[in-house]
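In my numbering, the protein residues as written are 15 to 83.
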């Protein structure tokens, strides 16, 4: 199991099931939060713009009013 536990700053993540960049989950974890996943690959980003770029590369778009969870 992969986890992000009480990060020092907001941490954005992308969960993938394989190296071909099949995104199965994405979101953010605030310093007071914990995120656990059974997915084998979890990429983390501290820079929201970099995270959003990786999502676009994986054919995922986030709408302006979409809440990041």
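C-beta: ideal position from N, C-alpha, C; glycine also.
Because the structure is a prediction, the values reported are computed rather than measured.
Pick from the options: whose alpha carbon is nearest that of residue i?
| i | options | result |
| --- | --- | --- |
| residue 62 | 20, 18, 28, 17 | 28 |
| residue 53 | 73, 60, 35, 21 | 35 |
| residue 23 | 59, 74, 71 | 59 |
Could you tell me the boundaries of the alpha helix (DSSP H) in which residue i lies?
| i | result |
| --- | --- |
| residue 67 | 62-71 |
Throw me the rounded Cβ distance for the residue i and residue j pair, which I believe falls under 8 Å.
| i | j | result |
| --- | --- | --- |
| residue 30 | residue 19 | That belief does not hold up - the Cβ atoms of residue 30 and residue 19 are roughly 20 Å apart, past 8 Å. |
| residue 69 | residue 40 | 6 Å |
| residue 25 | residue 43 | 5 Å |
| residue 48 | residue 16 | Not confirmed; about 12 Å, so no contact. |
Could you please give the first and the last residue of the uninterrupted beta strand (DSSP E) stretch that includes residue i?
| i | result |
| --- | --- |
| residue 41 | 37-43 |
| residue 49 | 48-51 |
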